[in-house]
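In terms of the working numbering, the sequence shown opens at residue 18 and continues consecutively.
Single-structure report; data block below.
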Amino acid sequence: MATIKELSKRPKVLTGGHRLCAGCGASIGIRQVLLGTEDPVVVGCATGCVEVATTIYPYTAWNSPFIHNAFENVAATISGAETAYRALKKKGKIKKEIKFVAFGGDGGTYDIGIQSLSGALERGHKMVYVCYDNEAYMNCLSLSTMIATKDGLKRITEIKVGDPVYAFDMKTHELVLKRCSGIFDNGVHDIYKLSTLHHSIKATSNHPFLVLKRNGRGRVNELVWKELKDISRGDEIVVSKQLAPGKSKKFNFNKVKKGDYKVNRINEVKIPVRSSPELMKYLGLYVGDGWTRTKKGEVSFALPENSKGRGVLLRLHEAIFDNGVRTDKEYVYANSVNTAKFIDSLGFGQGARNKKVPSWVFTLPTEEKEAFVQGLMLSDGYQTDNSMRYVSASSELLETLRLLLQSMDYRVGKIHYQTKTKGTTCVKRELLEDSRYGYICFSKRSPWNVEKYPSQYKYQDFLIGNEYFAMEKVKEIKLVGKEPTLDLRVEDEHNFIANGIVVHNTGIQRSGATPCGASTTTAPAGKVKPGKEQFRKDLTSIVAAHHIPYVAQASISHWKDLVNKSEKAFKADGPAFINILVPCHRGWRYPMEKTVEISKLAVDTGFWPLFEVENGVWRITIRPKERKPIMEWIKSQGRYSHLLREENKEFLERIQKEVNDYWKYLEGMCKATQPQQ
């Protein structure tokens, strides 16, 4: 191995400026691997923590050619690049020596990427594949996702730890409130849009949804969690059809008074203390056809004379605010600085393109929400038979209105957009530029007569008769591109309602590398199950079975061992593979400054043995003087805290036995493959 002085002079391929967490084991491991060669390298990286945090466009932390891949195919891509390099070198077009290395997390290596990796190894490409193993991987939602909470609808970016959010009770199928226990920024990922007839949501391919599993005639159907990538068109998912009715909102508005700074006179008005059906209908008219000029102390409405909306507005304004208005042929004006400031304080937005339904409207009694919708319909809506249509230039208003209607047991179609071109006459004016607007169609659900044909209706909708939830068929799943994402974790039920769809907790998801007994959001610890029940996949042995020149298992705590193995891997005449344990303090739940200490404990307890397989010969490279009991490893991390309970004593003994048995297996492989003297 090179000396420390020699290593210090080698080029830094992964530089500073990345966004990986403080205490992240992956960045330590990758830097140690890249010290294994002086030659220039081409780096391929599967979607994951490292890719997301080191290449936020237009910035990069890499001083080398860098190829970003989807989860499953980084091995195939880097093998293709290596093949092209060999072909060009053979033709004399490239003379220098170049190395090729692929980095993939455990999700992209142990699970979805193992087929691509196996193929590349079998073909014999001269490349190094490195698995940075943090023993879990993440699923997440787009930042535009709206979450149903006790305090109304909130963007996922607005959720705070401790917020009560609505969830689906897996046992009773009832609507329940549960506490948000974690929020995680998971970077930029490929995002897919899943759509049903009345709902849509954007998520990563590995995000789980609650899907109906039909077990055939005479058997009971059941609800199961399925990742987005495994969901097909026609699958039925659980959606919300309404939320629990709330209470009228109390307003804390301080009126401007005569005698305040620069206030010499004022039009006295009555400001509502609480929401009411009358006020909500008035505000619906305002959202559709109104605006404020606060500096002028004016609220205006574009409601022509003889229109139905004007007549309703005049009656409501007098009843609510107890003062008069001015009118002309096209408009209605209410002159009051307090009325304008009060409406501004309610959060409906300013300008036709920026209106929205604020979150507090979702918490109102059904009667008040219905009155708000009626006000909207009096402004920019119309009805044909039982179908209603609402038109707006604000996409956010249409999106939030769609979610409000879904929470009120309405059938709601998707949002349609159209463009009126420059010069077109609109509202008696010629447009000065192209104008985009959208519309949604909706109708009230009719109640099912469940008693008439109970079994037939139950077959059509597994949740027929449920007050708050229903089943809807998936109509479309399509890739929409890369977007920033967030992870959300909810206690107990481990699910929540996002864009009106029941989705599983985001956060730390189990992979084939997740150890037995660890608690993740998709294998949570509870009264029945103590976290993940299966032992992790022995990927290093699986790769060794491909009979490639070099295979190794390493840890960031033993840097000399890792750098030495990296040098051997880069010098190998054919494919090489290194599996590195890289602790993740957010997923494993330990103090961030203890990353190296935790990785060393994995070696000292025998949980993560350090060994190599060089041309078929197995060798243990680091032998602990005396292996520590696995309990020390378990106690070091929050993901195992449930195992410390007395009832899980036998489970701990089972884990210790697995560690002991695997060490015996390694000893046996080393002995069996030693060259004969």
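No residue lacks a Cβ here, since even glycine has one placed at the ideal position from N, Cα and C.
From a predicted model like this one, the values you see are computed outputs, not experimental measurements.
Exercise. Tell me the DSSP bridge mates of residue 480?
Worked result: Taking the first residue of the sequence shown as position 1, residue 480 is located at position 463. The partner list for residue 480 (beta bridge, DSSP) is empty, contrary to what the question assumes.
Exercise. Near residue 733, which residues of its chain fall below 8 Å by C-beta distance, leaving aside the five closest residues on each side in sequence?
Worked result: Residue 733 is absent from the model: the chain starts at 18 and stops at 694.
Exercise. Would you say residue 591 and residue 141 are within 8 Å of each other, going by their C-beta atoms?
Worked result: Here residue 591 refers to the residue found at position 574 of the sequence shown. Here residue 141 refers to the residue found at position 124 of the sequence shown. For residue 591 and residue 141, yes; Cβs fall inside 8 Å.
Problem set entry | Inside the region 283-364 only - beta strand (DSSP E) runs reaching at least 3 residues | 307-310, 315-318 and 349-352
Exercise. Looking at residue 479 and residue 238, is the spacing between their C-beta atoms short of 8 Å?
Worked result: For the purposes of this step, residue 238 is identified with residue 221 of the sequence shown, where counting begins at 1. For the purposes of this step, residue 479 is identified with residue 462 of the sequence shown, where counting begins at 1. Yes; because the gap between Cβ atoms is below 8 Å, this pair is in contact.
Exercise. By Cβ distance, which residues of its chain are closer than 8 Å to residue 432, with the 5 residues on each side in sequence left out?
Worked result: The residue you call residue 432 lines up with position 415 of the sequence shown. For residue 432, where only same-chain residues beyond five positions count, the Cβ hits under 8 Å are 412, 415, 416, 419, 455, 456 and 457.
Problem set entry | Rounded C-alpha distance that separates residue 675 from residue 551 | Here the question's residue 675 lines up with position 658 in the sequence shown. Here the question's residue 551 lines up with position 534 in the sequence shown. When the Cα atoms are used, residue 675 and residue 551 turn out to be separated by approximately 11 Å.
Exercise. Looking at C-alpha atoms only, which residue of 491, 249 and 644 is the closest neighbour of residue 256?
Worked result: On the sequence shown, residue 256 is found 239 positions in, with the first residue counted as 1. Among 491, 249 and 644, the Cα nearest to that of residue 256 is on 491.
For this session: For residue 94, name the three-state secondary structure that DSSP assigns.
Result: Reading the sequence shown from its first residue, position 77 is the one you call residue 94. It is helical.
Exercise. Using a Cβ-Cβ cut-off of 8 Å (strictly less than) and excluding sequence neighbours within five positions of residue 584, which residues of its own chain qualify?
Worked result: Taking the sequence shown and counting its residues from 1, the one referred to as residue 584 is at position 567. In the same chain as residue 584, and ignoring 5 residues on each side of it, the C-beta atoms closer than 8 Å to its own belong to 18, 19, 53 and 54, in chain order.
Problem set entry | Whole-angstrom distance between residue 285 and residue 277, CA atom to CA atom | Translated into positions along the sequence shown, residue 277 becomes position 260. Translated into positions along the sequence shown, residue 285 becomes position 268. Each residue's alpha carbon lies about 14 Å from the other.
Problem set entry | Cβ distance (whole Å) where residue 515 is taken to contact residue 162 below 8 Å | Within the sequence shown, residue 515 is the residue found at index 498, counting from 1. Within the sequence shown, residue 162 is the residue found at index 145, counting from 1. Going by Cβ atoms, the distance from residue 515 to residue 162 rounds to 5 Å, so yes, they are a contact pair.
For this session: Give the range of the alpha helix (DSSP H) segment to which residue 510 is assigned.
Result: Counting from one through the sequence shown, the residue named residue 510 turns up at place 493. Where residue 510 is concerned, there is no enclosing alpha helix (DSSP H), given that its DSSP letter is neither H nor E.
Problem set entry | Boundaries (first-last residue) of the alpha helix (DSSP H) holding residue 625 | Taking the sequence shown and counting its residues from 1, the one referred to as residue 625 is at position 608. Element bounds for residue 625: n/a, residue is neither H nor E.
Exercise. Which ranges would you report for the alpha helix (DSSP H) in the region 124-166 if only whole runs of at least 4 residues count?
Worked result: The region 124-166 contains these whole alpha helix (DSSP H) runs: 131-140.
For this session: Could you tell me which of 187, 129, 337 and 171 sits nearest to residue 556, measuring between CA atoms?
Result: Along the sequence shown, one-based indexing puts residue 556 at 539. It is 129.
For this session: For residue 180, I'd like the list of residues in its chain whose CB is within less than 6 Å of its CB, leaving aside the five on either flank, ordered along the chain.
Result: On the sequence shown, position 163 is the one that residue 180 refers to. 166 and 197, listed in sequence order.
For this session: Have a look at 149, 224 and 580 and flag the residue whose alpha-carbon is nearest the alpha-carbon of residue 27.
Result: On the sequence shown, residue 27 is found 10 positions in, with the first residue counted as 1. Nearest C-alpha to residue 27: 580.
Problem set entry | Nearest candidate by alpha-carbon position, reference residue 360, set 65, 317 and 654 | The sequence position of residue 360 within the sequence shown is 343, counting from 1. With distances taken between Cα atoms, residue 360 lies closest to 317.
For this session: Kindly provide the ranges of any beta strand (DSSP E) runs that are 3 or more residues long and lie completely inside the region 561-640, ordered along the chain.
Result: If we require 3 residues or more, the beta strand (DSSP E) runs fully inside the region 561-640 come out as 567-572, 593-598, 627-631 and 634-639.
For this session: Compare the C-alpha of residue 630 against each of 670, 567, 645 and 593 and name the closest.
Result: As a position in the sequence shown, residue 630 is number 613, starting the count at 1. Considering only alpha carbons, the answer is 567.
For this session: Could you say which of 64, 77, 68 and 74 lies nearest to residue 125 if we only look at CA atoms?
Result: Walking along the sequence shown from the start, residue 125 turns up at place 108. For the residues 64, 77, 68 and 74, the minimum Cα distance to residue 125 belongs to 64.
Exercise. What do you reckon, are the CB atoms on residue 44 and residue 37 nearer than 8 Å?
Worked result: Taking the sequence shown and counting its residues from 1, the one referred to as residue 44 is at position 27. Taking the sequence shown and counting its residues from 1, the one referred to as residue 37 is at position 20. A contact, by the Cβ cut-off of 8 Å.
Exercise. Which partner residues does residue 400 have in the DSSP bridge list?
Worked result: Taking the first residue of the sequence shown as position 1, residue 400 is located at position 383. Answer is 405, bridged to residue 400.
Exercise. Can at least three beta-carbon pairs, one atom from the region 224-233 and one from the region 93-104, be found at a separation below 8 Å?
Worked result: no
Problem set entry | Reference residue 427, options 304, 528, 686 and 463, closest by Cα | Taking the first residue of the sequence shown as position 1, residue 427 is located at position 410. When only C-alpha atoms are compared, the closest one is 463.
Problem set entry | Inter-residue spacing [alpha-carbon to alpha-carbon] between residue 459 and residue 405 | Counting from one through the sequence shown, the residue named residue 459 turns up at place 442. Counting from one through the sequence shown, the residue named residue 405 turns up at place 388. It is roughly 5 Å from the alpha-carbon of residue 459 to the alpha-carbon of residue 405.
For this session: State the CB to CB distance for the pair residue 254 and residue 489, rounded to an integer number of angstroms; the pair is presumed to be in contact (CB under 8 Å).
Result: As a working mapping, residue 254 is identified with position 237 in the sequence shown. As a working mapping, residue 489 is identified with position 472 in the sequence shown. The pair is a contact, with the Cβ atoms about 6 Å apart (cut-off 8 Å).
Exercise. How would you label residue 394, buried or exposed, when you count the other beta carbons within 10 angstroms and need 16 or more for buried?
Worked result: Counting from one through the sequence shown, the residue named residue 394 turns up at place 377. Residue 394 comes out buried.
Exercise. Three-state secondary structure (DSSP) at residue 221?
Worked result: Here residue 221 is taken as the residue at index 204 of the sequence shown, counted from 1. Coil, per DSSP.
For this session: Check whether the Cβ atoms of residue 121 and residue 151 lie closer than 8 Å to each other.
Result: Position 104 of the sequence shown, counting from 1, holds the residue named residue 121. Position 134 of the sequence shown, counting from 1, holds the residue named residue 151. Not a contact, by the Cβ cut-off of 8 Å.
For this session: Would you kindly work out how many angstroms separate the C-alpha atoms of residue 436 and residue 408, rounded to a whole number?
Result: Translated into positions along the sequence shown, residue 436 becomes position 419. Translated into positions along the sequence shown, residue 408 becomes position 391. Cα to Cα, the separation comes out at about 12 Å.
Exercise. Going along the chain, which residues of its own chain have a beta-carbon closer than 7 Å to the beta-carbon of residue 638, five neighbours each way excluded?
Worked result: Stepping through the sequence shown from its first residue, residue 638 is reached at position 621. So the qualifying residues of the chain are 578, 627, 628 and 629.
Exercise. Near residue 450, what residues of its chain come up, given a Cβ to Cβ distance below 6 Å and the 5 sequence neighbours on each side ignored?
Worked result: Along the sequence shown, one-based indexing puts residue 450 at 433. Correct list, in chain order: 439.
Exercise. Between the Cα of residue 81 and the Cα atoms of 118, 46, 109 and 66, which residue gives the shortest distance?
Worked result: Counting from one through the sequence shown, the residue named residue 81 turns up at place 64. If we check each option's Cα against that of residue 81, 118 comes out closest.
Exercise. Do residue 384 and residue 337 have their C-beta atoms within less than 8 Å of each other?
Worked result: As a working note, residue 384 is residue 367 in the sequence shown. As a working note, residue 337 is residue 320 in the sequence shown. Result no, Cβ atoms of residue 384 and residue 337 do not sit closer than 8 Å.
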